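Novice: In the numbering used here, the protein residues as written are 13 to 313.
Following this message is one structure expressed as structure tokens.
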Amino acid sequence: MPADSSVRSRRPGGIPVPLLFLASGISQYLGAALAVSLFTVVTAAGIAWWRIAASAVVLLAWRRPWRSRWTRTELLHSAVFGVVLATMNVSFYIAIDHLPLGTAVAIEFLGPVAVAAITGSGWRDRVAIVLAAGGVVLLSIVELGTGESGTVVGLIAIGISGLTWAGYILLGRRIAARRDGISSLAVGMTAGALFYLPLGVTVITPVVADLGRLAAVLGIAVLSSVVPYALEQVVLRRVTAARFAILLALLPVTAALVGAVVLTQVPTPAELAGIALVCTAIVLSADRPPPQDAASLPATS
């Protein structure tokens with residue numbers, strides 16, 4: 013999708029925004045593929061907690077948010093943001109334990125598309141949500157048709173993940189516009205790790221006792237959380253929630269490619285059709301000028 017002048021004017025550090033999202037997607041789903049390889053020895057929810065906790069440690073060491081002054085409101089908003097983000101991570105990992113990676117991401121994408129439709133304007137956004145919903149329904153029917161046990165659990169989990177993904181976009185933009193978004197992310201990830209600590213209590217020993225698993229968990233945290241979320245926080249303060257959701261159209265395709273190459277989860281023709289409907293919905297929504305209020309967001313130092 014060619015970048016227009018409005019996108020070029022929002023290139024953080026001279027890098028086109030679509031390329032930032034492509035790098036974010038590849039990193040995120042390579043981390044997810046690495047996580048799938050551990051599900052046989054540690055529960056999906058347990059790996060999700062480790063991802064959140066390890067990411068919090070890395071971000072705290074990097075940003076050291078305690079050096080800044082925080083208001084009670086800022087801390088509260090960051091904590092809520094972190095719990096929403098952690099919920100998205102936990103439900104997503106439960107989902108990919110039961111569904112192919114590309115399918116799960118495409119279904120999850122209904123949340124961001126809904127954000128684009130609700131916060132955007134015009135017929136394109138409305139048609140986009142219909143196309144995306146059609147793609148999600150098709151993918152759901154395909155998965156239910158396999159008759160595999162756990163499919164319903166996976167579909168429910170990915171539905172929750174999509175809902176919280178929408179919340180992540182809306183809350184994340186508000187946080188990124190107010191202050192250093194990455195420091196807020198560090199505080200939020202810490203809150204999320206503490207909130208879901210009960211999930212991690214039973215899986216601490218199996219990971220800590222094995223250096224290979226510990227290294228894998230750290231790799232998951234960096235690939236799936238630190239790199240993509242840091243990139244997204246750079247972009248969130250420069251675009252509206254609708255534009256951010258639209259740019260996320262790169263992710264279903266990226267997830268399907270990573271799933272096929274790394275996990276040998278080759279999509280069926282019906283699954284490809286569902287993913288194509290979701291991506292078409294986002295391209296359709298993106299074919300319009302971005303709202304003007306994005307340019308008025310305050311810059312951070």
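Beta carbons: idealized from backbone N, C-alpha and C, even for Gly.
Remember, predicted model here, so these are calculated numbers, not experimental data.
1. For L175, I'd like the list of residues in its chain whose CB is within less than 6 Å of its CB, leaving aside the five on either flank, ordered along the chain.
2. So, L97 versus Y208, is the Cβ gap smaller than 8 Å?
3. How long is the line joining the alpha carbons of R225 and V117, rounded to whole angstroms?
4. Taking the beta carbon of L50 as the centre, do at least 16 other beta carbons fall within 10 Å, making it buried, or is it exposed?
5. With a threshold of 16 other CB atoms inside 10 Å of the CB of I27, please say whether the residue is buried or exposed.
6. Quick check on the burial criterion: 16 or more other C-beta atoms within 10 angstroms. Buried or exposed for P281?
7. Please determine, among A198, P210, V92 and V149, the residue with the shortest C-alpha to C-alpha distance to V69.
8. Measure the C-alpha to C-alpha separation of A169 and P77 and round it to an integer number of angstroms.
9. As an exercise, report each continuous alpha helix (DSSP H) stretch of at least 4 residues that is fully enclosed by the stretch 164 to 189, in chain order.
10. For G132, does the three-state DSSP call read helix, strand or coil?
11. Please state whether DSSP places L111 in a helix, a strand or coil.
12. I need the DSSP call for A66, collapsed to helix, strand or coil.
13. Could you have a look at V53 and say whether DSSP puts it in helix, strand or coil?
14. Taking just the CA atoms, how far does A56 sit from R186?
15. Does the beta-carbon distance from V154 to G271 come in below 8 Å?
16. Am I right that F104 and S173 are in contact with their C-beta atoms under 8 Å? What's the rounded C-beta distance?
17. Let me know if S161 comes out buried or exposed under the rule of 16 or more other beta-carbons within 10 Å of its beta-carbon.
18. Between T266 and G37, how many whole angstroms is the CB-CB distance? I'm expecting something under 8 Å.
19. Is the Cβ-Cβ distance between V148 and H110 less than 8 Å?
20. Between P264 and S39, how many whole angstroms is the CB-CB distance? I'm expecting something under 8 Å.
21. Taking the beta carbon of R63 as the centre, do at least 16 other beta carbons fall within 10 Å, making it buried, or is it exposed?
22. Can the beta-carbon of A45 be found closer than 8 Å to that of L275?
23. Within this structure, are the beta carbons of L87 and Y41 separated by less than 8 Å?
24. According to DSSP, simplified to helix, strand and coil, what is P279?
25. Where do the ends of the alpha helix (DSSP H) carrying P77 lie?
26. Rank L143, R138 and L167 by C-alpha distance to the C-alpha of A107 and give the top, closest one.
27. If you follow the alpha helix (DSSP H) that A227 is part of, which residue opens it and which one closes it?
28. For I141, which three-state DSSP category applies?
29. In whole angstroms, give me the CA-to-CA distance for T115 and L289.
30. Under 8 Å Cβ to Cβ from D299, same chain only, skipping five residues before and after it: list those, please.
31. Could you spell out where the alpha helix (DSSP H) holding S195 opens and where it closes?
Specialist: Per the coordinate set shown:
1. Closer than 6 Å at Cβ, skipping near neighbours: G123.
2. It is not a contact, given that the beta carbons lie outside the stated cut-off.
3. Cα to Cα, the separation comes out at about 25 Å.
4. Burial is judged here by how many other beta carbons sit within 10 angstroms of a residue's own beta carbon; L50 has at least 16 and is buried.
5. I27 comes out exposed.
6. With fewer than 16 other Cβ atoms from the protein chains shown falling within 10 Å of its own Cβ, P281 counts as exposed.
7. Nearest C-alpha to V69: A198.
8. Going by the C-alpha atoms only, they are around 32 Å apart.
9. Correct list: empty.
10. The three-state reading of DSSP puts G132 in coil, since its state is none of H, G, I, E or B.
11. Of the three classes helix, strand and coil, the one that applies to L111 here is coil, per DSSP.
12. Helix at A66.
13. If DSSP states are grouped into helix, strand and coil, V53 belongs with coil.
14. Approximately 30 Å, taken between the alpha carbons.
15. Not a contact, by the Cβ cut-off of 8 Å.
16. Yes, they are in contact, since the Cβ atoms of F104 and S173 sit about 4 Å apart, within 8 Å.
17. Taking all protein chains shown into account, S161 has fewer than 16 neighbouring C-beta atoms within 10 Å of its C-beta and is therefore exposed.
18. Confirmed, about 4 Å.
19. Contact: no.
20. Cβ-Cβ separation between P264 and S39: approximately 16 Å, too far for a contact (criterion under 8 Å).
21. So R63 ends up on the buried side.
22. For the pair A45 and L275, the CB atoms are nearer than the 8 Å cut-off.
23. Their beta carbons are not under 8 Å apart, which means L87 does not touch Y41 by this criterion.
24. Reduced to three states, the DSSP call for P279 is coil.
25. P77 -> no alpha helix (DSSP H), and no H or E assigned at all.
26. Nearest C-alpha to A107 among L143, R138 and L167: L167.
27. Its alpha helix (DSSP H) spans residues L223 to A233.
28. Here I141 sits in helix by DSSP.
29. Cα to Cα, T115 sits roughly 12 Å from L289.
30. Annotation note: pLDDT 46 at D299 (below 50); position unreliable, coordinate value reported separately. Counting only residues of its own chain and dropping the five nearest sequence neighbours on each side, D299 has a CB closer than 8 Å to the CB of R136.
31. In the DSSP assignment, S195 falls within the unbroken alpha helix (DSSP H) covering G193 to F207.
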